[in-house]
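Colleague:
There are 2 protein chains.
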Amino acid sequence: MPKTKAVIITIGDELLIGQTIDTNSAWIAKQLNPLGIDVVRRVAVGDTEDAIRYALDEELPKADIILLTGGLGPTADDITKPLLCEYFGGKMIVDERVRTHVTDMFQRRNRPFLERNLKQAEVPDVCTVLFNRIGTAPGMLFHKDGKIVISMPGVPFEMVAIMEDEVLPLLKAKYISDAIVHKTIVTIGEGESFIAEKIEDIETALPKHIKLAYLPSPGLVKLRLTGHGDDKAVLEPEVARYQDKIAERLGNIVVAKEDLTIEEILGLSLKQKGKTLALAESCTGGYISHLITQIPGASEYFKGGVVSYLNAIKTSVLHVDAAIIEAHGVVSEQVASAMAQQVRNLLKSDYGFGVTGILGPGMEDGKVSLGTVWIAVSDGNETTTKQLKLFYDRIRNKESAATLGMMLMWKFINHIS
Amino acid sequence: MPKTKAVIITIGDELLIGQTIDTNSAWIAKQLNPLGIDVVRRVAVGDTEDAIRYALDEELPKADIILLTGGLGPTADDITKPLLCEYFGGKMIVDERVRTHVTDMFQRRNRPFLERNLKQAEVPDVCTVLFNRIGTAPGMLFHKDGKIVISMPGVPFEMVAIMEDEVLPLLKAKYISDAIVHKTIVTIGEGESFIAEKIEDIETALPKHIKLAYLPSPGLVKLRLTGHGDDKAVLEPEVARYQDKIAERLGNIVVAKEDLTIEEILGLSLKQKGKTLALAESCTGGYISHLITQIPGASEYFKGGVVSYLNAIKTSVLHVDAAIIEAHGVVSEQVASAMAQQVRNLLKSDYGFGVTGILGPGMEDGKVSLGTVWIAVSDGNETTTKQLKLFYDRIRNKESAATLGMMLMWKFINHIS
């Protein structure tokens, strides 16, 4: 059976000059995938009529569904709606439901209602209106030559609302057909080549309808198996068998057999064991706390932490002994260790974690080299430490220190050396 | 003079199924822009020979420069290099400099060197090798019909290194030509439509070579003026005049006349006044600390903070009076206010900030509604508070609370009500 194909077209100069990172496309692709709809291309074009028209002409032959985002706001830089109206041979009319909704929204938020906001309620008479529950710009659905063209605003949460309320139910009803199964294995501590070499025979022997991809990020490689087939009931266990085979071969570098982030993996371990965690962060500046609290339910195992960005806070709030800092320097095994122990005491958690280091220029203390970071985890009896040598820029180093820090915690909690 | 045009092609199934968000394109576009090179389109395609070949065929006529990222790793899912070799009519040869570099990298990192890693040193004989200082996959530059095709690995920091070391110096030398000027105005507290209405006459009267774009995000709208011209010395003051005119009209909703984030704007204010800040974060879980410490030099004004994710930490570490929590509930003006004052005392900073709220399901306390957040700033004498009512999902609400929190701090510090 031929697969349903989709192309995503994102509209906006801000995407081409790099002012905005496109998160919409990835989100949309993730939703379409389980419906058996393959995103075959993504195209970003500027805010000009020609660029949009050209993209439509060029992409329509390549897909069954075209999803456009962006270019629907109330201001003068938005030209998509009139263009689509013309492209599909319609004329603009006022949609009463949208008009009432837009007027209500302005009243509720106590905002002055302007003439141009009324324009939001105008739609081409040849489209199906996709209601935008949380914003003023409605989505639109057009049919052309047996294909579907869907236009949505570019503001991420409005796009998400329209997709969830209107587009996905519609596509589900129309397209759910052949099965697709993804299985992921998350590994830590080894590189892509090492893993590839270890499982070369398994990979070579994969059947044609199952693909393996390597997704490396600092300290962590994800392996993703993707299977296509007619019958999910057959495909699911088949892909799972290969997942098991690969995971077994890779042994203890495997930390999860689901597509999870390291913060989710760490959270699961803590939850399973009914233990709590507290963090003392210096150079990472609260980033690990932030990542851990992105996970719903983190309050079950995460108590909180101290961000000791200035050194004085290590002694004044964390009560790290000033003599230890004096003797070993602030970026040292001893200080990381003391931070882990002290934050554990202070917040009365089962585990404490400490991180101290020099991530980028402007943080040097003249004692250790740029990129040196010490991390430590403690359970009160035992404390384990690790030195990192990071060699990227400040922001990338912060990410690496956070990932490697959470790995150290995960290993410590699971008694893996 | 015709502008130099570029197209970015990103390669990788992970981009089409939504597993990876493409940050490379935005970064590349940002670098090309000041060189007067316009990114006219961005295309993402999957890891298949046909898709890559088709994209090259289709995009080559549209641009002077094609930049490809992805598809160069050492594993079996990477097919770009042999394809490019064939596409440009070359054969594979071993590059000695790359071979030495790859071997060295593995030795330095104490990793086993595998046969397939040597493949990384193979390059088409028709390309110029773009040296990859920090990874094993070299970049490649090809010429075809007067156009340039550049291929780089997809791992972001490796792509960045190759761009900075090799590609940008080369493009600078070749293409710097006509001038482009961007000017940004950052506003807070008003919506896109309100702003558009206020400056409608100025916008309508803009000359053809100057464009205005609205970039809204929660609580904040950026206005970006972009001018194109032959002479930067003429263009720069011309665009600046329109920037001034718009900023003057918008009055005190303007917080910056540069393309800055709210954390940068807040940091600048603190630095100018020589004041320091400490944060007590509950529901935002360290996110504001993280954002503030993303800015180089933040240690000049940011002392650190306490992440009191569990309520007990508010009393045990921050010493918020338990009676206040008992009387008013943990999400209350009084608790936010006490958090701001207490963290200021504890960390001995000039300003203290507190935030407490319910961002998403699973955080409810049965007393206030989902999305209720209290924020407070204090200088020891005076404390200002604000209640937020957020209505998105948990992650979006965290972002909004952080942005609005930093705005409150900025206003307080600058005595703006």
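These protein sequence lines map, in sequence, to chains U and Y.
For what it's worth, numbering that gives the first Met the number 0 labels the leading residue of the first sequence as 0, then goes sequentially.
For what it's worth, numbering that gives the first Met the number 0 labels the leading residue of the second sequence as 0, then goes sequentially.
Glycine included, every Cβ here is placed at the ideal spot set by N, Cα and C.
Does the distance from the CB of U/H289 to the CB of Y/T383 come in under 9 Å?
Modeller: Taking the first sequence and counting its residues from 1, one reaches residue 289 of chain U at position 290. Taking the second sequence and counting its residues from 1, one reaches residue 383 of chain Y at position 384. It is not a contact, given that the beta carbons lie outside the stated cut-off.
Colleague: Rounded to the nearest angstrom, how far is the Cβ of Y/L71 from that of Y/I51, given a contact under 8 Å?
Modeller: Residue 71 of chain Y sits at position 72 when you count from the first residue of the second sequence. Residue 51 of chain Y sits at position 52 when you count from the first residue of the second sequence. 12 Å between Cβ atoms; not a contact.
Colleague: Within the same chain, show all residues whose beta-carbon is closer than 7 Å to that of U/L234, passing over the 5 residues directly before and after it, in chain order.
Modeller: Your numbering for residue 234 of chain U matches position 235 in the first sequence. The residues are A178, V180, G226 and G228.
Colleague: Just by C-beta distance, which residues in the segment 387 to 413 of chain U are closer than 9 Å to chain Y?
Modeller: Of all residues in the segment 387 to 413 of chain U, F390, Y391, D392, R393, I394, R395 and K397 have a Cβ within less than 9 Å of some Cβ in chain Y.
Colleague: With distances taken between CB atoms, is the gap from Y/A120 to Y/V148 smaller than 9 Å?
Modeller: For this step, residue 120 of chain Y is matched to residue 121 along the second sequence. For this step, residue 148 of chain Y is matched to residue 149 along the second sequence. No, the Cβ-Cβ distance between Y/A120 and Y/V148 is not below 9 Å.
Colleague: Anything in chain U within Cβ reach of Y/W26, meaning under 7 Å, just list it in chain order.
Modeller: Counting from one through the second sequence, the residue named residue 26 of chain Y turns up at place 27. Those within 7 Å of Y/W26 in chain U are G17.
Colleague: How about Y/V39 and Y/K61: are their beta carbons less than 9 Å apart?
Modeller: Here residue 39 of chain Y is taken as the residue at index 40 of the second sequence, counted from 1. Here residue 61 of chain Y is taken as the residue at index 62 of the second sequence, counted from 1. Yes, the Cβ-Cβ distance between Y/V39 and Y/K61 is below 9 Å.
Colleague: Under 8 Å by Cβ, that's how I've got Y/L276 and Y/L269 pegged, so tell me the actual separation to the nearest angstrom.
Modeller: Mapped onto the second sequence, residue 276 of chain Y falls at position 277. Mapped onto the second sequence, residue 269 of chain Y falls at position 270. With a Cβ gap of about 6 Å, Y/L276 and Y/L269 count as contacting.
Colleague: I'd like the ranges of any beta strand (DSSP E) spanning at least 3 consecutive residues and lying wholly in the segment 86 to 163 of chain U.
Modeller: DSSP runs (the beta strand (DSSP E)) wholly in the segment 86 to 163 of chain U: 91 to 93, 121 to 123, 127 to 129, 138 to 143 and 146 to 151.
Colleague: Measuring alpha carbon to alpha carbon, tell me which residue in U/D46, U/M104 and U/A28 is nearest Y/L211.
Modeller: Translated into the one-based positions of the second sequence, residue 211 of chain Y becomes position 212. Answer by Cα proximity: U/D46.
Colleague: Considering only their Cβ atoms, is the gap separating U/M158 from U/N23 smaller than 9 Å?
Modeller: Locating residue 23 of chain U in the first sequence gives position 24, where the first residue counts as 1. Locating residue 158 of chain U in the first sequence gives position 159, where the first residue counts as 1. Yes.
Colleague: Is DSSP giving Y/F301 helix, strand or coil here?
Modeller: Mapped onto the second sequence, residue 301 of chain Y falls at position 302. In this structure, Y/F301 counts as strand in the three-state DSSP scheme.
Colleague: Any Cβ of chain Y within less than 9 Å of the Cβ of U/R115?
Modeller: One-based indexing of the first sequence puts residue 115 of chain U at position 116. Output row for U/R115: interface = yes.
Colleague: Distance, Cα to Cα, Y/I209 vs U/E85?
Modeller: Walking along the second sequence from the start, residue 209 of chain Y turns up at place 210. Walking along the first sequence from the start, residue 85 of chain U turns up at place 86. Looking at the two C-alpha atoms, the distance is approximately 26 Å.
Colleague: Give a yes or no on whether the minimum CB-CB distance between U/A54 and chain Y is below 9 Å.
Modeller: Here the question's residue 54 of chain U lines up with position 55 in the first sequence. At least one chain Y Cβ lies under 9 Å of U/A54.
Colleague: Alpha carbon to alpha carbon, how far is Y/N396 from U/G89? Give it in angstroms, no decimals.
Modeller: For the purposes of this step, residue 89 of chain U is identified with residue 90 of the first sequence, where counting begins at 1. For the purposes of this step, residue 396 of chain Y is identified with residue 397 of the second sequence, where counting begins at 1. Between U/G89 and Y/N396, the C-alpha separation is close to 38 Å.
Colleague: Taking only three categories from DSSP, how would you classify Y/Q386?
Modeller: Within the second sequence, numbered from 1, the residue matching residue 386 of chain Y stands at position 387. Three-state result, Y/Q386: strand.
Colleague: Give, in chain order, every unbroken run of the beta strand (DSSP E) that is at least 3 residues long and sits entirely within the segment 301 to 356 of chain U.
Modeller: Runs found: 301 to 306 and 350 to 356.
Colleague: Which residues, taken in chain order from the segment 27 to 50 of chain Y, show a beta carbon closer than 9 Å to some beta carbon of chain U?
Modeller: Those residues of the segment 27 to 50 of chain Y that come within reach of chain U (Cβ to Cβ, closer than 9 Å) are I27, A28, K29, Q30, L31, N32, D37, V38, V39, R40, R41, V42, A43, V44, G45, D46 and A50.
Colleague: Are the CB atoms of Y/V342 and Y/G304 within a distance shorter than 9 Å?
Modeller: Counted from its first residue, the second sequence places residue 304 of chain Y at position 305. Counted from its first residue, the second sequence places residue 342 of chain Y at position 343. It is a contact, given that the beta carbons lie within the stated cut-off.
Colleague: Whose C-beta lies closer than 6 Å to the C-beta of U/R41 among residues of the same chain, with five residues either side of it excluded?
Modeller: Numbered from 1 along the first sequence, position 42 holds the residue referred to as residue 41 of chain U. Excluding sequence neighbours, U/R41 sits near I7 and S24.
Colleague: Let me see if you follow: with CB-CB separation under 9 Å, is U/H181 close to chain Y or not?
Modeller: Here the question's residue 181 of chain U lines up with position 182 in the first sequence. Closer than 9 Å: yes.
Colleague: May I ask you to report which of helix, strand or coil DSSP gives Y/I8?
Modeller: Within the second sequence, the letter at position 9 stands for residue 8 of chain Y. Here Y/I8 sits in strand by DSSP.
Colleague: Just how far apart, CA to CA, sit Y/L14 and Y/I194?
Modeller: Counted from its first residue, the second sequence places residue 14 of chain Y at position 15. Counted from its first residue, the second sequence places residue 194 of chain Y at position 195. In a straight line, the C-alpha of Y/L14 is about 35 Å away from that of Y/I194.
Colleague: Starting from the beta carbon of Y/H289, find every residue of chain U whose beta carbon is closer than 7 Å, and list them in chain order.
Modeller: Here residue 289 of chain Y corresponds to residue number 290 of the second sequence, with the count starting at 1. Near Y/H289 (Cβ distances below 7 Å), the residues of chain U are G284, G285, Y286 and H289.
Colleague: Roughly how many whole angstroms lie between the Cα atoms of Y/L317 and Y/G404?
Modeller: Counted from its first residue, the second sequence places residue 317 of chain Y at position 318. Counted from its first residue, the second sequence places residue 404 of chain Y at position 405. The alpha-carbon atoms of Y/L317 and Y/G404 are separated by roughly 19 Å.
Colleague: Can you pull the chain Y neighbours of U/Y308, defined as C-beta to C-beta under 7 Å?
Modeller: Sequence index remark: in the first sequence, residue 308 of chain U carries index 309 (1-based). Residues of chain Y passing the Cβ test: T292, S298, F301, K302 and G303.
Colleague: Between U/Q106 and chain Y, is the shortest Cβ-Cβ distance under 9 Å, so that the two count as touching?
Modeller: Looking up residue 106 of chain U in the first sequence gives position 107. By this cut-off, U/Q106 is not an interface position.
Colleague: Let me make sure I understand the geometry here. Which of Y/F105, Y/I287 and Y/W26 has the alpha-carbon closest to that of Y/K302?
Modeller: Counting from one through the second sequence, the residue named residue 302 of chain Y turns up at place 303. Minimum Cα distance to Y/K302 is reached at Y/I287.
Colleague: Tell me the residue span of the alpha helix (DSSP H) that contains U/H289.
Modeller: Counting from one through the first sequence, the residue named residue 289 of chain U turns up at place 290. First-last of the alpha helix (DSSP H) with U/H289: Y286 to I291.
Colleague: Leaving out the 5 sequence neighbours to the left and right, which residues in its chain are closer than 6 Å to Y/T68 when beta-carbon positions are compared?
Modeller: Here residue 68 of chain Y refers to the residue found at position 69 of the second sequence. Once the five neighbours on either side are set aside, the close Cβ partners of Y/T68 are T9, N23, M151, G153 and M158.
Colleague: Tell me whether U/K272 is buried or exposed, calling it buried when 16 or more other Cβ atoms sit within 10 Å of its Cβ.
Modeller: In the first sequence, counting from the first residue as 1, residue 272 of chain U sits at position 273. By the neighbour-count rule (16 or more Cβ atoms within 10 Å), U/K272 is not buried but exposed.
Colleague: Near Y/L407, which residues of its chain fall below 6 Å by C-beta distance, leaving aside the five closest residues on each side in sequence?
Modeller: Here residue 407 of chain Y refers to the residue found at position 408 of the second sequence. Contacts found: I374, V376 and K385.
Colleague: Verify whether the separation of the beta carbon atoms of Y/V185 and Y/E257 is less than 9 Å.
Modeller: Residue numbering aside, residue 185 of chain Y sits at position 186 when the second sequence is read from its first letter. Residue numbering aside, residue 257 of chain Y sits at position 258 when the second sequence is read from its first letter. Their beta carbons are under 9 Å apart, which means Y/V185 touches Y/E257 by this criterion.
Colleague: I want to see whether chain U comes within less than 9 Å of Y/V159, judged by CB atoms only; does it?
Modeller: Against the second sequence, residue 159 of chain Y aligns to sequence position 160. So yes, Y/V159 belongs to the interface.
Colleague: Nearest chain U C-beta to Y/V316 closer than 9 Å, yes or no?
Modeller: Walking along the second sequence from the start, residue 316 of chain Y turns up at place 317. Y/V316 counts as touching chain U.
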